[in-house]
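This report concerns only the one structure given below.
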Amino acid sequence: MSELKGWRELPLGAVPLKFSTEFKTGDWRTFKPVIDEDKCVRCMLCWVYCPEPSILWDGVRISIDYRYCKGCGICARECPVNAIRMVPEG
Amino acid sequence: MSLVQALEVFKGRVMALNGDEAVAWAVKQSNVDVVAAYPITPQTIIVEKFSEFVADGEVHTEFVPVESEHSALSACVGAAAAGARVFTATASQGLALMWEILYVASGLRLPIVMAVVNRALSAPINIHCDHSDTMGARDSGWIQLYVEDSQEAYDTTIQAFKIAEHPDVLLPVMVNLDGFFLSHTLQNVNLLPDDVVKKFVGIRRPVKIYVPYLGREVPLALDGKTPITMGPLDLQDYYFEHKMHQVKAIENSRDVIMKVNEEYAELSGRSYGNGLVVPYGLDDAEVAIVVLGSAAGTVRYVIRRLRRRGVKIGMLRIRAFRPFPVNDVVKALKDVKVVCAMDRSLSFGALGGPLFNELRSAFYDEGSRPIILNYIYGLGGRDIPPSAVKVIVDELLNVAKTMEVKELVKYVGVRE
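Shown next as structure tokens:
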């Protein structure tokens, strides 16, 4: 809390002080999506639907960026081949 | 003389315009990039007239005929965030539907100009004038200027762009004109030449802000060159600080409103008091009436006649209700014995109307202060004739004589 800036130091228009990538929303998660590589057909629908930039594609396979994944489960719901399971954290 | 020259002469002359048309002409001349609006009585003429200018190719403005006022102001927010000069207009229920976006516009520091043609709020439904609509929005962070006649509606609309876009301000401005009394009443309006207005308002240039994560200054605009985010989530940690920006900005706007009033006077020969308040006959006044909007004309008429008979009465018209000109009000009225606030709106359950509350609060810390009374008048367009003002004046004079207040808040012209 000691790093908080005073109002005179803030940019106008409520423009943020930091990039959104600095806000790690992964710790919100109670269920984590786990991809079954055998079932996945690389259709990329999870990438389309994910509200965060949490679905990663390296040209070969899909993976999940758990630093930002909030565990909303939209990817699991939309996956047409049921390749994503939501597994309780911890 | 070519057609183009003929048009220039036409534009520079005195025209018979109603208040709505006067606003539309001011917007036409103010080099506005985007107008998004939805028609509502008694504001409709503004939108109709302006869409004619668009259809006739007389303006470069992108006109967005949206499906509701919520969308109108939302479109204005988007356009203003992109760096455009933006105008919209509404009234009554339309303003009510804009409510949540009012706060977005001021919170994002977007210099949108909006004409509000004051009209009562439902229920029961009523299309005529009172100030309930804008008084409800008095805490939304918008600057509020109330005008007395169509000429002032024209002048103030032009000034509003300059005030809103000033780097020390960057707040949306409401130009409030009384429904029907001004919006539908013809008056000779002096129009400035197009090029004079164009030069006066200039081109909107977004201010630069320092963005820490970029390590440099960038324009406060969604211009596509430097991607920024405006107004995302703030929690307990920063929301309060961002509200302080707005507090400071609207305080700054007092000086800017006065300065713009002066600059405009140099161009046009017309000024409105110091821009914030317009005094009349206050120098030796024992009693005074404080009023907003078109009723000031009636009050002035009554005062002029009474002063000829030696009655020491004056008037203070509040032009800027937000920011409320506390110091100017105290300075103007401190030597008056009895003052009344004429409120054209209600604040149900409060001690009197909004203007009354501001006025009384302004005087609380003053050693000597006048007796301050409240008269609620003109709701739903109820006329306030000179005879009604005369009754108020007589009561004020009586209180000044006896120094005794029987009723603090009175309702003018309502039947028992």
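Residue numbers (my numbering), protein chains in the order written: chain A, 2 to 91; chain B, 761 to 1176.
Glycine included, every Cβ here is placed at the ideal spot set by N, Cα and C.
Query                                                                                                                                                                          : Result
My assumption, with CB atoms under 8 Å, is that L802(B) sits in contact with V877(B). Please give the rounded CB distance.                                                     : Sequence inspection shows Pro at residue 802(B); the Leu mentioned does not correspond to that position. That belief holds up - the Cβ atoms of P802(B) and V877(B) are roughly 5 Å apart, short of 8 Å.
Taking the alpha-carbon of G72(A) as reference, which of C44(A), T22(A), C51(A), C80(A) has the nearest alpha-carbon?                                                          : C51(A)
With 7 Å as the threshold, decide whether the Cβ of G27(A) is near any Cβ in chain B.                                                                                          : no
Quick check on R17(A) - is its C-beta less than 7 Å from some C-beta in chain B?                                                                                               : In the sequence under discussion, the amino acid at residue 17(A) is Pro, which differs from the Arg named in the question. By this cut-off, P17(A) is an interface position.
Between N936(B) and Q904(B), what straight-line distance do the alpha-carbon atoms span, to the nearest angstrom?                                                              : 7 Å
Just list the alpha helix (DSSP H) runs in the stretch 942-985 of chain B, keeping only unbroken ones of 4 residues or longer that don't cross its boundaries, in chain order. : 954-961
For the stretch 963-974 of chain B, which residues have a beta carbon sitting closer than 8 Å to at least one beta carbon of chain A?                                          : V967, I969, Y970, V971, P972, Y973
For D1103(B), write down the residues that DSSP places opposite it in a beta bridge.                                                                                           : I1136(B)
Do you know whose CA, among P12(A), W8(A), P81(A), lies nearest C47(A)'s CA?                                                                                                   : P81(A)
For S882(B), I'd like the list of residues in its chain whose CB is within less than 7 Å of its CB, leaving aside the five on either flank, ordered along the chain.           : Q853
For chain B, find out if any of its Cβ atoms is closer than 7 Å to the Cβ of F32(A); answer yes or no.                                                                         : no
Work out the CA separation of E1155(B) and F823(B) for me, nearest whole Å.                                                                                                    : 51 Å
Given that a residue counts as buried once 16 or more other Cβ atoms are within 10 Å of its Cβ, and exposed if not, what is Q919(B)?                                           : buried
Should S1147(B) be flagged as near chain A, meaning a C-beta pair shorter than 7 Å?                                                                                            : no
Counting only Cβ pairs nearer than 7 Å, list the residues of chain A close to P992(B).                                                                                         : P17
Run through the DSSP bridge pairs and tell me what D816(B) is partnered with.                                                                                                  : Answer is none; D816(B) lacks a bridge partner.
Which runs of the alpha helix (DSSP H), 4 residues or longer, sit entirely within the stretch 1030-1107 of chain B?                                                            : 1055-1068, 1086-1093
CB D66(A) to CB S55(A), shorter than 7 Å?                                                                                                                                      : yes
My output table needs one value for Q803(B): the three-state DSSP class, helix, strand or coil.                                                                                : coil
Using a Cβ-Cβ distance cut-off of 7 Å, determine whether P12(A) contacts chain B.                                                                                              : yes
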